[in-house]
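Chains A and B supply the protein sequences, listed in that same order.
Read in order, the letters of the first sequence are residues 1047 to 1270 in our numbering.
Read in order, the letters of the second sequence are residues 7 to 370 in our numbering.
Every residue, glycine too, gets a C-beta built ideally from N, C-alpha and C.
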Amino acid sequence: MNWIAIWVTVKLAGLTALILLGIGLPIAYWLSFSRWRWKFIIESVIALPLVLPPTVLGFYILIAIGPHSPFGRLYTDLVGHPLPFTFEGLLLGSVLYSLPFAVQPFVAAFDQVDRRVIEASWTLGVSKFQTFFKLVVPLSTAGLVTGVVLSFAHTMGEFGVVLMIGGNLEGSTRTVSIDIYDEVQALNYTGAAETALFLFVVSYAVLLLVYAVNRNVWAAWPQN
Amino acid sequence: MAAELALDIVKTYSGRVPIRARIRYPVDAATVLILFGPSGAGKSTILRSVAGLEWPEEGRIRFVSRTWLDTKSDIRVSPQDRHIGYMSQDYALFPRYTVAGNVAYGLGHLSAQERKARVSEVLDLFQLRGLEHAKPRQLSGGQQQRVALARAVAPRPLLLLLDEPLSALDAPARIYLRDELRRLLKQLALPSIIVTHDWAEALTLGDLMAVVSGGEVLQTGTPMDVFSRPRNAEVAHAVGIETVVKGQVVWAAAGMFRIDVNGVMVNAIEGEAYGPDVYVCIRAEDIAIERGPIAASSARNQLAGTVTAVAVLGALARVTLHCGFPLVATVTRSSVDDLQLVPGQAVTAVIKAGAVHLVSRQDH
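In structure tokens:
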């Protein structure tokens, strides 16, 4: 089994999930609470990675961060090397690619929180920001766990986007799914089978966790 | 500046009745204003606008010396900065917090010691001792209501806003807690606005009542005045009860009550025990009119009187009688002709004891 590829994949998925928790919460809060009439435009943009072929998404990201784009030039000037075919570039792609997997469960969880409870908090003098952390987050834990875990798992298995913008560099951008592809191309089915089984088991474990959290199977877990 | 609450707001929704409400009334330490009207009339929206939870497109809301909303001057005070206590219909308790945690929630500005003392004081006031550590889902409806009220009152708000405070309770608890709520409101000496569609609640709790229908305030006055002297047919229809008079229970046994109303004895059947002072409430359609004295009837009330006014409204007529106290009856237009009901005509008003409703009364 290619432990280097596994480490790169786990690091990528973990960081992606963490970043998505950070940027997904405010986006989801806005999507859930805003009464803006044109909100659906933003909602569809965020859902786009669900339906777009990963190669298409990867292609646009590659162009956007490439040396000919303003962003790509700025990045190269600041950091000293271009973004494509690096771990950081891959991380950016993964965050965009997994965005709906984090944001949609977050929004669904926030939508479930009784607005009257939130309003009660506001009338008691507690700011919107504090209300979010004192009431909304604790009442949304299952949805937040689901979003983080799904974006982690989705990143673990991504292939098209990685291939387009990460390339296949050992130790920095070769992930598990690409490793399996390489092994099969090299007719090394034993190596491919091991890594595939690993990915299979991890994915199943993650889904078990998500469904268990949403069913509240552990009585010790706080109930809504 | 005179201590008053002045509200003049416009809020339009797509597909719903637009709100164009105007209310202005003097506020003293314990004035309770009732927003009364059928559901969907816009009462809750008016209340939520006062709380800062709805934003009218246009208008002003002033409370004593504070301006909470003035769209012309672009003043929009957030609910956090209005220092109000607000209780929604379903109480909206914080499910993860204990009873004590709910009550302490709005006291973040106090030191730990002051907060503890205030929570303890409020728990005593609302008889919640022993339930401090319970979670909301473990409480009965009546207990939840007390916790919600305690939570709203704990930070010493300037104004208390209650949206249908009793409607989530079952009937026996509702009647008991109605009197309980009035006692508490007077004890707290806190100006309040209460939304309700229940006329008994309006009579028990209110010092003033504003009738809201179709998004507009139709009439403002004391509840008894508004009930017994609606300004027009629209108000009469919105309030739904036409006769409200003061009386004293002189005899009671096994659910039967005899009430002295201005020297006239009225019989009533009620499930609850009532103190001597009551409002006697009778719907106009529950009164039958007979010509002259009648021989025998199962109805316990046969009140002799004279017709003072007749107003025909389509197929129905609204007949005002004087039977020692004013009484309003609705009869069909053909009855008016058959019985020759004209002012001065002597008649008997026949009312079943079950149609006479009692509401306990403490004079304001």
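Within chain B, partners of A:ASP1160 - CB distance below 9 Å: ASP96, ALA98, PRO101
A:LYS1085 versus A:VAL1259, A:VAL1153, A:ILE1111, A:LEU1253, residue with shortest Cα-Cα distance: A:VAL1153
The region 52–69 of chain B: positions lying closer than 9 Å to chain A by Cβ: Within the region 52–69 of chain B, the qualifying residues are ARG54, ALA57, GLY58, LEU59.
B:SER366 - containing alpha helix (DSSP H), residue span: Where B:SER366 is concerned, there is no enclosing alpha helix (DSSP H), although the beta strand (DSSP E) it sits in stretches over 362–366.
Between the CA atoms of B:ASN268 and A:ASN1270 - distance to the nearest angstrom: Residue confidence for A:ASN1270 is low, a pLDDT of 42 falling below 50, so the modelled location carries little weight; the figure read from the coordinates is stated next. Each residue's Cα considered, the two are about 57 Å apart.
Straight-line Cα distance separating B:CYS287 from B:SER340: 26 Å
Closer than 7 Å to chain B by CB, A:GLY1112: Taking CB atoms only, A:GLY1112 has no neighbour in chain B less than 7 Å away.
Other residues of its chain near B:ALA359: CB distance less than 6 Å, five sequence neighbours each side excluded: ASN273, ALA274, ILE275, ARG306
Paired residues, beta bridge with B:ARG135 - DSSP: Bridge partners of B:ARG135: none, in fact.
contact_flag[the region 88–107 of chain B, the region 144–161 of chain B] where n(CB pairs < 8 Å) is 3 or more: yes
B:GLY213 (DSSP reduced to helix, strand or coil): Going by the sequence as given, residue 213 of chain B is Asp instead of Gly. Assignment of B:ASP213 by DSSP, reduced to helix, strand and coil, places it in the coil class.
Terminal residues of the beta strand (DSSP E) in which B:ARG30 lies: 25–32
Near-chain A residues of the region 111–122 of chain B - C-beta to any C-beta below 8 Å: TYR111, GLY112, GLY114, HIS115
Contacts around A:VAL1195, its chain only, beta-carbon distance under 7 Å, and the 5 residues preceding and following it disregarded: VAL1252, LEU1255, VAL1256
Chain-ordered chain B contacts of A:SER1173 [CB-CB under 9 Å]: Result: SER84, GLN86.
Cβ shell of A:ASN1239 (< 7 Å), same chain only, five flanking positions each side left out: It is worth fixing the name first, because residue 1239 of chain A is Ala in this sequence and not Asn. Taken in chain order, the list of residues that qualify is empty.
Contacts of B:PRO161 in chain A (Cβ-Cβ under 7 Å): Annotation: Cβ neighbours of B:PRO161 in chain A (cutoff 7 Å, chain order): LEU1170, GLY1171.
Residue-chain proximity (A:VAL1182, chain B), Cβ-Cβ < 7 Å: no
Beta-bridge pairing of B:THR73 - partner residues as DSSP gives them: B:ARG68
Under 8 Å by beta carbon: chain B residues contacting A:LEU1185: PRO101, ARG102
Per DSSP, the bridge partner or partners of B:CYS329: Under DSSP, B:CYS329 takes part in no beta bridge, so it has no partner.
Segment contact, 8 Å Cβ cut-off, at least three pairs: the region 25–40 of chain B with the region 201–220 of chain B: yes
Segment limits, alpha helix (DSSP H) that includes A:ILE1107: 1100–1111
Pairwise C-alpha distance: A:VAL1149 and A:ILE1092: 8 Å
Chain B within 7 Å of A:VAL1163, Cβ atoms only: yes
Test: B:TYR92 CB closer than 7 Å to a CB of chain A: yes
Contacting residues, own chain, Cβ-Cβ under 6 Å from A:ASN1260 (five flanking each side not counted): ALA1188
Identity of the residues DSSP links to B:MET93 by a beta bridge: DSSP lists B:LEU168 as partners of B:MET93.
Rounded distance between the beta-carbons of B:ARG124 and B:LEU116, thought under 8 Å: 6 Å
Buried or exposed by the 16-neighbour rule on C-beta atoms within 10 Å, applied to A:ASN1048: buried
Pairwise C-alpha distance: B:GLN225 and B:VAL232: B:VAL232 and B:GLN225 have their C-alpha atoms some 7 Å from each other.
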